[in-house]
Amino acid sequence: MDSYERNRERLLTSSRPMPDFKVVGSQGPWLHLAGGTRIFDGSSGLLCTNVGQSSHSVHARIEQQFFRYSFGGAAVVQPHIQMELMERLCHAVGRPDDYVALTTCGTLGVEVAVGLARNITRVRDGKLRGNILTSTLSYHGMSALTLALAGNHARRPRPEDALGLGPGFPAPYPPSHAHKDRACDASCADEIATEIDRRGAENVAAVLIEPVNGTTGGAFVPPDGYLRRVSEICQERDVLVIHDEVLTGMWRTGTPLASHHWDGCEPDMVVLSKGLGAGYTSVGAVLVSPQMARWIRHDDADPLPAMGTMATHPLMAAACLGVLDDLEAMDFTAFTARGDRLAEAMTSLSGIKTVRDVRGLGFLYGVEVAPGQLWPAMKAAQERGMFFYPFTGAGEPKSEGFMVAPPLTSTDDDIEFLTTALSDALNAVS
Ligand SMILES: Cc1ncc(COP(=O)(O)O)c(C=O)c1O
């Protein structure tokens, strides 16, 4: 074992049974490797480098802020840059009047949203127990609370670590919700109504849901009308809806928010993270509708669960503004056309023998392969100059596959390379 390998083992971080790359440079979706080759990042890092690597806009914004002042919490320095970010972000995602809490990652965004939902429903409805319902196929972060709440068994294998919480309703996707005589449809949401009623609506603060499934299961898309039905059920029972768009937000699915693909499902709160910092900064943002936010400032409200030393870091805000500069500079007609081409190419992979299923939207897909074929497929992809992030399987036995989610700023040539090489790799292992 050389010293890199020894130290690699001491660094307690996630690893996959594939070699790490020795990266000496980067540009857009490409990582330049020692030795002169390059490799295409087919899953945008951990589904976050949405505007690619080495962005000049992000660099310029960070540099400018660095020399103005590099730290100033909101209680120390007037938070102008954070307010600029709030304005730009709220307009970008079509919720211009929302209130915003900034956090340092997606997990903390979810934690803050949970805290706010409990505060709001205590003041507004007099609810005491603030239960949060999640689906059986969900991931909402790596803190003890978010792991306990969600349905990701790989990340929380021991039932006792659910702290008596755990998911509250089946996700409307085949591996976790099989029906004898029909596919999942909007009526699957009725199980949420049943669960709220079983617990008593007075005990439930919110339903927390990924509008399009992320890496737990691999990009399942809900049946039409499902999210709308979730919103109606919750509204009828004074239960808030929180959309976890940590992974899907900021155009990942082709629209600013994944929920924009359907009518009538605007949530009370949205949590954003990955695509907002786009890998340049750790960040999370909780957007709260003005109708709900007024309860947060109520005289009887509990303290804001949204403060932390680094929560409103000015360099974090600067990096996010640079990401928004890049996103807003995109030619959206070309972006949409490129997304359509990617969708078409992804659908055509379904004809390959080793491919079990391909699902997703916009720039987010899960490719499920035959049992035992994941690592051979990943190896074949790597030999052809690209790599992907594997998803956590669903069902029993667990499915296996990987995420295809290139940076949103990938060019036509990049997408052509990705889809051709991927098809070639999958054919090679079939
Ligand atoms: C849907 C979803 N929610 C929350 C999180 C947690 O975000 P973070 O890893 O930034 O804490 C993730 C991370 O993968 C996610 O995919």
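Just so it is clear: in the sequence shown, position 406 is 405 by numbering that gives the first Met the number 0, and no numbers are missing.
For every residue, glycine included, the Cβ atom is placed at its ideal position computed from N, Cα and C.
Keep in mind that this is a model prediction, so the values were computed, not measured.
By the C-beta criterion, the stretch 158-178 is judged not to be in contact with the stretch 264-274, since fewer than 3 inter-stretch pairs fall below 8 Å. When distances are taken from the beta-carbon of GLY114 to the heavy atoms of ligand 1, even the shortest one reaches 7 Å or more. At the C-beta level, ALA200 and ASP237 come within 8 Å of one another. Distances from the CB of HIS139 to the heavy atoms of ligand 1 include at least one below 7 Å. Its chain contains VAL57 and ALA318 as the residues whose beta carbon lies nearer than 6 Å to that of TYR279, once the 5 sequence neighbours on both sides are disregarded; these appear in chain order. Per the C-alpha coordinates, the member of THR391, VAL354 and GLY213 positioned closest to PHE362 is GLY213.
Straight through space, the alpha carbons of PHE219 and ALA112 are spaced by roughly 24 Å. Taking the C-beta atoms as reference points, VAL50 is found nearer than 8 Å to VAL322. The beta-bridge partner set that DSSP reports for GLU399 consists of VAL368. Counting the other CB atoms within 10 Å of its CB gives THR346 a total below 16, which places it among the exposed residues. Restricting attention to ALA379, PHE387, ALA333 and ARG355, the CA atom closest to the CA of THR408 is found in ALA333. Taking a cut-off of 8 Å on C-beta distances, the stretch 193-208 does not touch the stretch 249-264, as fewer than three cross pairs fall below it.
Between GLY125 and GLY384, the alpha-carbon positions lie close to 57 Å from each other. Taking 8 Å as the cut-off, the beta carbon of PHE390 is found no closer than this to the beta carbon of GLY41. For MET309, the closest C-alpha among the options THR120, ASP97 and CYS104 is that of CYS104.
About 13 Å separates the beta carbons of ASN151 and SER142, which is beyond the 8 Å limit, so they are not a contact pair. Assignment of LEU148 by DSSP, reduced to helix, strand and coil, places it in the helix class. Judged by beta-carbon spacing, ILE61 lies beyond the 8 Å limit of LEU275, meaning their Cβ atoms are not closer than that value.
MET17 counts as exposed, since fewer than 16 other beta carbons sit within 10 angstroms of its beta carbon. DSSP places TRP29 in no alpha helix (DSSP H) but in the uninterrupted beta strand (DSSP E) bounded by 29-32. Remark: the shortest separation between the CB of ASP243 and any heavy atom of ligand 1 falls under 7 Å. For PHE334, the secondary structure class from DSSP, reduced to helix, strand or coil, is helix.
For GLN26, the enclosing beta strand (DSSP E) begins and ends at 22-26.
Here HIS242 carries a strand assignment [DSSP, helix/strand/coil]. Here DSSP, grouped into helix, strand and coil, assigns TYR225 to helix. Residue range 268-271 is occupied by the beta strand (DSSP E) that includes LEU271.
By the Cβ-count criterion, ASN130 is buried, with 16 or more other Cβ atoms from all chains shown falling within 10 Å of its own Cβ.
Relative to MET291, the option among LEU127, ASP412, ALA116 and MET402 whose CA is nearest is ALA116.
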